[in-house]
Amino acid sequence: FFVDNIFRFTQAGSEVSALLGRIPSAVGYQPTLATDMGKLQERITSTTKGSITSVQAIYVPADDLTDPAPAASFAHLDATTTLSRAISELGIYPAVDPLDSTSRVLEPRVVGNEHYETARRVQETLQKYKSLQDIIAILGMDELSEEDKLIVARARKLQKFLSQPFHVAEVFTNIPGVFVQLEDTVKSFKAVVDGEYDHLPESAFYMVGGIEQAVEKAKKLAEEA
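Whatever position you read off the sequence shown (first residue = 1), add 1 for this note's numbering.
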């Protein structure tokens with residue numbers, strides 16, 4: 002069941018509510034926003050006779066994830082993939098924000114301890130880097146401690162490594178699409194977070210598949226330098 006996009010449902014409800022003379026709630030939305038969204042989302046459910054998967058595109062007003070309209074939808078979803086303008090501006094595609102994206106499946110009992118711990122460590126590193134960005138913008142990298150400099154370097158490599166060479170984008174990027182096994186992806190990210198590839202330049206991690214490709218790219222960059 003594909004919805005494009007669920008924000009239109011909220012807008013329609015807001016207009017109907019205004020016509021009925023109801024007093025609007027926060028940010029001008031209808032007072033029955035949570036109830037209306039709940040009624041719709043609860044109809045998309047699995048029963049003894051079958052199951053249904055719903056994929057919903059959600060417009061986020063002013064990129065504010067706390068806006069009542071998208072927030073009301075998020076509460077009913079098992080997973081959210083958040084696209085970021087800031088990441089897109091860095092030329093990293095898909096422009097998925099790993100800090101704002103969520104999944105209920107990301108639990109040790111479902112994905113295993115190694116996958117879970119690696120994912121959380123990646124998020125922790127990226128979050129620390131995000132908190133340091135204001136300091137970097139004002140004072141520069143030189144004012145950071147050696148530990149923070151290491152975190153920033155690894156976080157930037159992780160950001161680049163999250164880019165993916167898609168088969169469907171070959172025409173635009175001239176980079177062949179690559180399939181990477183989940184196990185290899187987890188091991189690669191774990192190695193980057195552990196510092197096993199601190200010696201590689203961050204540009205080597207951009208638009209590559211597995212970590213082996215990053216190593217090969219680093220060698221080519223060194224030869225060209």
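Glycine residues also receive a C-beta, built at the ideal position from the N, C-alpha and C atoms.
Looking at the secondary structure, which residues open and close the beta strand (DSSP E) in which residue i lies?
{"i": "Phe162", "result": "Element bounds for Phe162: not the beta strand (DSSP E) but the alpha helix (DSSP H), 147 to 162."}
{"i": "Asp37", "result": "Premise fails: Asp37 lies in the alpha helix (DSSP H), 34 to 44, not in any beta strand (DSSP E)."}
What do you get for residue i, buried or exposed, if any count of 16 or more other CB atoms within 10 angstroms of its CB means buried?
{"i": "Gln31", "result": "buried"}
{"i": "Ser18", "result": "buried"}
{"i": "Phe190", "result": "buried"}
{"i": "Arg23", "result": "exposed"}
{"i": "Phe206", "result": "buried"}
Using DSSP with H/G/I as helix, E/B as strand and the rest coil, what is residue i?
{"i": "Asp68", "result": "coil"}
{"i": "Gly29", "result": "helix"}
{"i": "Ala1", "result": "Residue 1 lies beyond the range of the chain shown here (2 to 226); nothing can be said about it."}
{"i": "Ile47", "result": "Position check: residue 47 holds Ser in this sequence, whereas Ile was assumed. Coil."}
{"i": "Thr81", "result": "strand"}
{"i": "Phe3", "result": "strand"}
{"i": "Glu54", "result": "Residue identity differs from the one stated: residue 54 is Thr in this sequence, not Glu. In this structure, Thr54 counts as coil in the three-state DSSP scheme."}
Span of the alpha helix (DSSP H) holding residue i?
{"i": "Ala63", "result": "Taken as a continuous stretch (DSSP letters only), Ala63 belongs to no alpha helix (DSSP H), as it is neither H nor E."}
{"i": "Asp195", "result": "183 to 195"}
{"i": "Ala170", "result": "No alpha helix (DSSP H) holds Ala170; DSSP gives it neither H nor E."}
For a test of your reading of the model: does the CB of residue i fall under 7 Å from any non-hydrogen atom of the ligand NAD? Yes or no.
{"i": "Val4", "result": "Although the ligand NAD was asked about, the structure shown includes no ligands whatsoever."}
Check the C-beta distance from residue i over to residue j and give it rounded, since I have them as a contact under 8 Å.
{"i": "Ile136", "j": "Leu145", "result": "7 Å"}
Give a yes or no on contact between the segment 4 to 11 and the segment 52 to 71, applying the rule of three or more CB pairs nearer than 8 Å. yes
With three or more C-beta pairs closer than 8 Å as the rule, is the segment 92 to 99 touching the segment 35 to 45? no
If contact is defined by three or more beta carbon pairs under 8 Å, each pair taking one atom from either stretch, is the segment 206 to 226 in contact with the segment 172 to 187? yes
Do three or more CB pairs link the segment 132 to 150 to the segment 76 to 88 at distances below 8 Å? no
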